[in-house]
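Structure first, commentary second.
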């Protein structure tokens, strides 16, 4: 349908603009111009910028859901690596969400409950991942360790890209790439990792810290 | 001097408003109203909102400097606890800085170099803290561990309060308080802590996780 195509094009333009310039700086007028449609046509599809933001947040949830599902089913350390990589790629594709979260919560308070629900879902799947790894003998960790590790992992996936904008550029390692982000998150587990899973961590360290 | 007093009052109003409502939402007109002065009088002291933001950022640097100095001189795990607590209190007092950092970097690109310099200074003092603890036998950690721990600690002090807005309220523990934040940061060190310093961590765990 032509209608749904225009809708998709609007959302794609808005996502690119939000990611590049920040939600605060982008008007619906600007989104219409970038989509090559009239402001009236945009208004037909989305009455407010808030509706566009909420629709993109739904897409972000949809994109990240399989990552959380995969995380809850990990059995080995390289599974964790893969799901972290997928998660960071999803967050990077919708990077405006967590980067501009302070602005979003202030402008659109309705988003708070959804954002908290997403973090809670992430906590549950991360806890499940750590508990499975402990049960499989990959991690040597108490229930309290697992709880704290899950919190650390969720904090990292949520906020890492915001932080990298404040770290000075480093020629050796690209802190802002999904690969380094996933490696950094795995180092949170590393003191608890036992057995041959350590070899895999050493391999990654060689790859990312050179 | 009356002039400097008005200036201070403007900065205090601006800090309270920025912390409460976000930098994006607060106009200079609003700051003048809150300070109980005319917009013209405010304009005499600060030509733009950017000048107010920059002045407050200077004060934030000034407030956090002794925390970084203390961190670089720690000798035991309770010193780390104390400096982390001080650091989180400073960040909480100027909470708009890291919470609204995406907006600040977009609106006032000149602030980027200063924000990166502050994170770098924090990295250097955290690395020094971890290295001193390792040398004192409080931590069992390699040079690579120390490097990664320092990065984790700086990431946490910079981004923790932003993250807590996304965690569901929990009756048991106040994630958003400086005490829990400092405890959470210490748990990053805990797998490396050896000897009697472990008792202190257990004491804190009892205090914050009940």
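Residue numbers (this note's numbering), protein chains in the order written: chain A, 1 to 210; chain B, 1 to 210.
Cβ coordinates follow ideal geometry from the N, Cα and C atoms, glycine included.
Only a predicted model underlies this, so the values are computations on that prediction, with no experimental measurement involved.
*residue 130(A) and residue 121(A): beta carbons closer than 8 Å?*
To locate residue 130(A), count along the first chain from 1; it is residue 130. To locate residue 121(A), count along the first chain from 1; it is residue 121. No; because the gap between Cβ atoms is not below 8 Å, this pair is not in contact.
*Give the residues from the stretch 109-141 of chain B that approach chain A closer than 7 Å (Cβ to any Cβ), ordered along the chain.*
Sequence-ordered contacts of the stretch 109-141 of chain B with chain A read 115, 116, 119, 120 [C-beta pairs closer than 7 Å].
_Can you give me the C-alpha to C-alpha distance between residue 26(B) and residue 124(B), rounded to a whole angstrom?_
For this step, residue 26(B) is matched to residue 26 along the second chain. For this step, residue 124(B) is matched to residue 124 along the second chain. About 34 Å.
*Please compile the residues from chain B whose C-beta is within a distance smaller than 7 Å of the C-beta of residue 168(A).*
Walking along the first chain from the start, residue 168(A) turns up at place 168. Neighbourhood of residue 168(A) in chain B, by CB distance below 7 Å: 116, 120, in chain order.
*What did DSSP end up calling residue 53(A) once you bin it into helix, strand or coil?*
Here residue 53(A) corresponds to residue number 53 of the first chain, with the count starting at 1. The answer is helix: DSSP assigns residue 53(A) an H, G or I state.
*Does any CB atom of chain B fall closer than 8 Å to the CB of residue 94(A)?*
In the first chain, the residue the question calls residue 94(A) occupies position 94. At least 8 Å separates the CB of residue 94(A) from every CB of chain B.
*Go through its chain and collect everything with a Cβ distance to residue 175(B)'s Cβ below 8 Å, but skip five positions before and after it.*
As a working note, residue 175(B) is residue 175 in the second chain. Within the same chain, 164, 167, 181, 184 come within 8 Å of residue 175(B) by CB-CB distance, once the 5 residues on both sides are set aside.
_Residue of 41(A), 186(A), 17(A) minimising C-alpha distance to residue 5(A)_ = Within the first chain, residue 5(A) is the residue found at index 5, counting from 1. Nearest of 41(A), 186(A), 17(A) to residue 5(A), Cα basis: 41(A).
*Flag this pair as yes or no: are the beta carbons of residue 194(A) and residue 133(A) separated by less than 8 Å?*
For the purposes of this step, residue 194(A) is taken as residue 194 along the first chain, with counting starting at 1. For the purposes of this step, residue 133(A) is taken as residue 133 along the first chain, with counting starting at 1. No. Outside cutoff.
*Would you kindly report the start and end of the unbroken alpha helix (DSSP H) that includes residue 167(A)?*
Working through the first chain from its first residue, we reach residue 167(A) at position 167. Per DSSP, residue 167(A) belongs to no alpha helix (DSSP H) and is neither H nor E.
*Residue-chain proximity (residue 20(A), chain B), Cβ-Cβ < 8 Å*: In the first chain, residue 20(A) corresponds to position 20, counting from 1. Not one chain B Cβ lies under 8 Å of residue 20(A).
*8 Å Cβ shell around residue 171(A) - same chain, five flanking residues per side excluded*: Along the first chain, read from residue 1 onward, the residue named residue 171(A) stands at position 171. Residue confidence for residue 171(A) is low, a pLDDT of 47 falling below 50, so the modelled location carries little weight and cannot support an answer.
*So what does residue 201(B) bridge to, in DSSP terms?*
Position 201 of the second chain holds residue 201(B). In the DSSP output, where bridge partners are listed per residue, residue 201(B) has none listed.
*According to the Cβ coordinates, are residue 84(B) and residue 151(B) closer than 8 Å?*
The sequence position of residue 84(B) within the second chain is 84, counting from 1. The sequence position of residue 151(B) within the second chain is 151, counting from 1. Contact: no.
*So with Cβ pairs under 8 Å, would you call residue 181(B) a contact of chain A?*
Counted from its first residue, the second chain places residue 181(B) at position 181. False, the Cβ-Cβ gap to chain A never drops below 8 Å.
_N-terminal and C-terminal residue of the alpha helix (DSSP H) that residue 211(B) is part of_ = Any question about residue 211(B) goes unanswered here, given that chain B covers just 1 to 210.
*How big is the Cα-Cα spacing for residue 72(B) and residue 126(B)?*
Residue numbering aside, residue 72(B) sits at position 72 when the second chain is read from its first letter. Residue numbering aside, residue 126(B) sits at position 126 when the second chain is read from its first letter. Counting only the Cα atoms, residue 126(B) lies some 7 Å from residue 72(B).
*Is there at least one Cβ from chain B nearer than 8 Å to residue 162(A)'s Cβ?*
Here residue 162(A) refers to the residue found at position 162 of the first chain. Yes, residue 162(A) lies at the interface with chain B (some Cβ there is under 8 Å from its Cβ).
*asked:* For a cutoff of 8 Å on Cβ pairs, would you count residue 35(B) as touching chain A?
replied: Position 35 of the second chain, counted from the first residue, corresponds to residue 35(B). Among the CB atoms of chain A, none fall inside 8 Å of the CB of residue 35(B).
*Thinking C-alpha only, which one of 196(B), 50(B), 209(B), 148(B) is nearest residue 137(B)?*
For this step, residue 137(B) is matched to residue 137 along the second chain. Ranked by Cα distance from residue 137(B), the first of 196(B), 50(B), 209(B), 148(B) is 196(B).
*Taking only runs that begin and end inside the stretch 27-84 of chain B, name each unbroken alpha helix (DSSP H) of 4 or more residues, in chain order.*
Listed in chain order, they are 28-35, 39-45, 49-72.
*Near-chain B residues of the stretch 180-200 of chain A (beta-carbon distance less than 9 Å), N- to C-terminal order*: Here the close residues are 184, 187, 188, 190, 191, 192.
*asked:* Can you give me the C-alpha to C-alpha distance between residue 1(A) and residue 50(A), rounded to a whole angstrom?
replied: Counting from one through the first chain, the residue named residue 1(A) turns up at place 1. Counting from one through the first chain, the residue named residue 50(A) turns up at place 50. Note that residue 1(A) scores 49 on pLDDT, short of 50, meaning its location in the model is unreliable and no value can be drawn from it.
*Just grab the DSSP bridge partners of residue 139(B) for me.*
Sequence index remark: in the second chain, residue 139(B) carries index 139 (1-based). Answer is 193(B), bridged to residue 139(B).
*asked:* So with CB distances below 8 Å, who are the chain A contacts of residue 103(B)?
replied: Taking the first residue of the second chain as position 1, residue 103(B) is located at position 103. Close partners of residue 103(B) in chain A (Cβ separation under 8 Å): 22, 24, 100, 102, 103.
*In the structure shown, what three-state DSSP assignment does residue 8(B) receive?*
Looking up residue 8(B) in the second chain gives position 8. DSSP places residue 8(B) in helix when its eight states are reduced to three.
*Give the secondary structure of residue 22(B) by DSSP, where H, G and I count as helix, E and B as strand, and everything else as coil.*
Counting from 1 along the second chain, the entry for residue 22(B) is found at position 22. It is coil, neither helix nor strand.
_I'd like the span of the alpha helix (DSSP H) that includes residue 102(A), first residue to last._
As a position in the first chain, residue 102(A) is number 102, starting the count at 1. Where residue 102(A) is concerned, the enclosing alpha helix (DSSP H) stretches over 101-107.
*Would you verify that the beta carbon of residue 87(A) is, or is not, closer than 8 Å to some beta carbon of chain B?*
Translated into positions along the first chain, residue 87(A) becomes position 87. It does not: the Cβ of residue 87(A) has no partner Cβ on chain B nearer than 8 Å.
*Are there 16 or more other CB atoms within 10 angstroms of the CB of residue 109(B), so buried, or fewer, so exposed?*
One-based indexing of the second chain puts residue 109(B) at position 109. Burial check for residue 109(B): the Cβ neighbour count within 10 Å stays below 16, so the residue is exposed.
_Quick check on residue 20(B): buried or exposed, where buried means 16 or more other Cβ atoms within 10 Å of its Cβ?_
Walking along the second chain from the start, residue 20(B) turns up at place 20. By the neighbour-count rule (16 or more Cβ atoms within 10 Å), residue 20(B) is not buried but exposed.
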